[in-house]
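In my numbering, the protein residues as written are 484 to 588.
Where a beta carbon is used, it is the ideal one built from N, C-alpha and C, also for glycine.
Right, one structure below, let's go through it.
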Amino acid sequence: VKMSVDLAEAANRAEVEKQAAVIAIGIEGQIEVSDGLAPGNRLNSFDELDGFVKEVLTVEPTKQFIIKADRNVRYDTFNAVYERLRTHGARRIALLTETKKGATQ
């Protein structure tokens with residue numbers, strides 16, 4: 484079953500910036516983030532995610548965010564991450580889904 488997600492920006496590889504901030508959601512709902520420069524960092528709560536997003540946008544208000552999610556991630560977890568980005572003013576959000584091991588779509 485394919486689910487279409489209407490995001491502000493489609494995630495073609497060409498549209499993904501090298502320095503984009505990445506929010507990765509694991510199958511168990513765990514969240515790791517990177518500002519595009521530093522290595523990934525595991526978060527323990529949505530409050531920490533809020534802090535990360537605010538910090539990144541303070542430094543660079545037009546920063547692109549990429550949400551990378553396993554296709555089996557629960558929709559409510561993905562939606563919570565997406566809504567937090569929008570709430571804090573992120574305007575450039577792309578979605579990458581992992582469909583098979585090693586394959587990114």
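Residue(s) in a DSSP beta bridge with residue i
i	result
I510	Its beta-bridge partners do not exist; DSSP assigns none.
Coarse secondary structure for residue i, derived from DSSP in three states
i	result
E531	helix
T570	helix
A577	strand
A503	coil
K485	Because K485 sits at a pLDDT of 43, beneath the cut-off of 50, its placement in the model cannot be relied upon, and the point is left open.
T587	Annotation note: pLDDT 49 at T587 (below 50); position unreliable, no value reported.
L490	Here L490 scores only 44 on pLDDT, less than 50, and its place in the model is too uncertain to base an answer on.
Inter-residue CB distance, residue i and residue j (contact presumed, cutoff 8 Å)
i	j	result
F548	A507	Between A507 and F548 the Cβ distance is about 11 Å, and since that is not below 8 Å, they are no contact.
S517	G523	5 Å
I550	F561	7 Å
L540	H571	6 Å
Beta-carbon proximity list for residue i, same chain, < 6 Å, skipping 5 on both sides
i	result
A494	Unreliable positioning characterises A494 in this predicted model, as indicated by a pLDDT of 48, which lies under 50. The coordinate reading is nonetheless provided below. The residues are A577, L578, L579.
Sequence-distant residues of its chain with Cβ nearer than 7 Å to residue i (five each side left out)
i	result
V536	R567, L568, H571, A573
Would you mind listing the alpha helix (DSSP H) stretches within the region 515-560 that are 4+ residues and don't spill past its ends, in chain order?
-> You should have 529-542.
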